[in-house]
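Numbering (UniProt numbering), first residue to last: 1 to 474.
Just so you know, even glycine gets a beta-carbon here, dropped at the ideal spot from N, CA and C.
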């Protein structure tokens with residue numbers, strides 16, 4: 001059975017969806033199902049014909065009219081005014097520029113990633129730090145600090161970044177209950193950080209395993225994925241590997257760098273994310289290699305759960321993404337990297353051709369009394385197709401995360417610029433859980449420092465734990 005079609009919020013303004021790729025097409029039926037708004041007050045603008053047939057089928061205005069660096073203000077103002085909503089699901093559109101304009105014009109806003117103009121990622125004058133998610137987030141935080149508007153702009157709220165921040169909070173409450181650590185639900189950032197520290201948490205993996213499989217083998221020369229290929233290429237290839245850096249860490253990776261400005265919650269490595277492997281664990285698949293793809297939640301969660309005493313830093317967890325792509329995307333990424341990191345011209349998002357598999361997405365919280373605890377969503381392709389049209393499991397998790405953020409923003413239109421960690425996690429979970437498949441919480445004694453079987457052993461005192469460079473023969 002699919003979730004009911006209850007209208008969760010009635011919105012009197014207009015909605016402009018910018019970008020209509022895999023996430024745009026996935027969220028449209030959810031908007032029509034759960035937001036009370038006439039179809040004629042919804043418009044879609046995008047860069048190409050993708051999704052035009054779906055828009056026509058759903059009787060939604062569709063126009064090829066991408067936002068550009070020189071014309072975005074005029075384009076937005078043609079569609080929206082004060083009290084309206086801009087849902088940014090595009091790629092290579094500057095989040096900071098659009099948020100700033102929406103703040104000035106009184107337009108509500110949400111995106112699923114802090115993005116930039118395409119030329120910013122290829123600008124030879126920009127450092128890796130400036131091109132990093134840390135750099136883009138710091139520019140958004142600077143706008144938040146300087147803005148005098150209270151209109152709500154929700155930054156980076158899809159699945160991850162997005163609902164995984166709420167998974168972390170629920171996981172902490174579950175761990176506290178199960179370890180005999182009675183606690184009321186924290187009401188502030190400081191209280192949440194205190195709870196995490198008191199539980200002894202040191203590391204959080206955003207641990208995801210995408211096992212969705214197409215009925216057709218991957219075509220040579222084509223990049224295939226279950227979500228935005230341009231988005232993955234930017235994060236996996238164009239930006240450096242990034243992770244929140246905990247106060248307990250004693251090892252310093254040989255190619256690691258501090259940013260030297262901003263909140264100081266993260267570091268970056270002088271290597272692409274897609275080429276950086278780490279071991280992680282999920283309940284369905286056990287231990288496996290994931291890739292530390294740079295994501296905003298690695299930084300924002302580490303920052304949110306930081307504790308200071310005056311100017312002294314006393315606690316921060318290590319946080320990073322650990323992503324096992326679907327089989328076709330792994331082959332596609334290796335093909336791309338083998339061809340001097342040049343993105344394949346032919347590209348395909350896997351949807352109707354997926355025959356089996358699930359997206360297992362959650363947070364692995366480590367260091368507390370019970371070892372490690374994974375909490376998150378196990379969403380199969382079969383269940384996804386029961387829930388809503390135009391979806392795969394990955395797209396559903398992102399789309400419903402964005403939907404939750406949109407509804408929260410409509411219910412809280414005067415919150416200013418906010419991130420996922422600032423939102424009411426219980427309200428978001430009420431909205432997203434019916435679309436998450438099975439919500440699972442499971443403890444494990446697994447640790448990334450468990451000795452390897454076989455001929456080669458690792459020296460955990462001296463090696464780089466992310467790249468496994470320094471093996472010694474036993």
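What does DSSP give as the partner residue(s) for residue 88 in the beta ladder? In DSSP, residue 88 forms a bridge with 18, 111.
One question on the structure: do residue 175 and residue 304 come within less than 8 Å of each other, judged by their Cβ atoms? Contact flag unset, no.
Starting from residue 394 and walking both ways along the alpha helix (DSSP H), at which residues does that stretch end? 393-411 is the extent of the alpha helix (DSSP H) around residue 394.
One or two residues paired with residue 210 in a DSSP bridge: According to DSSP, which records beta bridges pairwise, residue 210 is partnered with 359.
Measure from the alpha carbon of residue 57 to the alpha carbon of each residue in 450, 442, 389, then state which is nearest. In terms of Cα proximity to residue 57, the closest of 450, 442, 389 is 389.
Would you mind sorting residue 308 into buried or exposed? The rule is 16 or more other CB atoms within 10 Å of its CB. Per the 10 Å Cβ criterion, exposed.
For the structure I just gave you, are there three or more beta carbon pairs, one from the stretch 248-260 and one from the stretch 107-118, closer than 8 Å? No: fewer than three Cβ pairs fall under 8 Å.
When DSSP builds the beta bridges, which residues end up paired with residue 266? In the DSSP output, where bridge partners are listed per residue, residue 266 has 244.
For residue 341, I'd like the list of residues in its chain whose CB is within less than 8 Å of its CB, leaving aside the five on either flank, ordered along the chain. Within the same chain, and ignoring the five residues on either side of residue 341 in sequence, the residues whose Cβ sits closer than 8 Å to its Cβ are 237, 272.
Between the CA atoms of residue 171 and residue 443 - distance to the nearest angstrom: C-alpha separation (whole angstroms): 11 Å.
Is the stretch 17-28 close to the stretch 383-402, with three or more CB pairs under 8 Å? Cβ pair count under 8 Å is three or more, so yes.
Below 8 Å on the Cβ atoms is my guess for residue 151 versus residue 107; work out the distance and round it to an integer in Å. Between residue 107 and residue 151 the Cβ distance is about 7 Å, and since that is below 8 Å, they are a contact.
Could you round the C-beta distance between residue 352 and residue 379 to whole angstroms and report it? I think they count as a contact, below 8 Å. For a cut-off of 8 Å, the C-beta gap from residue 352 to residue 379 is around 17 Å, too long to register as a contact.
Please list the segments of the beta strand (DSSP E) lying wholly inside the stretch 269-318, counting only runs of 3 or more residues, in order along the chain. Within the stretch 269-318, the complete beta strand (DSSP E) runs of at least 3 residues are 277-282, 286-291, 307-309, 312-315.
Taking residue 439 as part of the alpha helix (DSSP H), name the residues at either end of that continuous run. Segment 438-444 is the beta strand (DSSP E) holding residue 439; no alpha helix (DSSP H) there.
With a threshold of 8 Å between beta-carbons, can residue 130 be considered close to chain D, or not? The question asks about chain D, but that chain is absent: this structure has only one protein chain.
Alpha carbon to alpha carbon, how far is residue 329 from residue 211? About 11 Å.
Do residue 158 and residue 112 have their CB atoms nearer than 8 Å? In contact: residue 158 and residue 112 (Cβ atoms closer than 8 Å).
Quick check on DSSP: helix, strand or coil for residue 232? The answer is helix: DSSP assigns residue 232 an H, G or I state.
Contacting residues, own chain, Cβ-Cβ under 6 Å from residue 262 (five flanking each side not counted): 138.
Select from 134, 14, 5, 4 the residue whose C-alpha is nearest the C-alpha of residue 268. Just measuring C-alpha positions, the residue of 134, 14, 5, 4 sitting nearest residue 268 is 134.
Pick from 368, 299, 223: whose alpha carbon is nearest that of residue 326? Residue 326 has its Cα closest to that of 223, out of 368, 299, 223.
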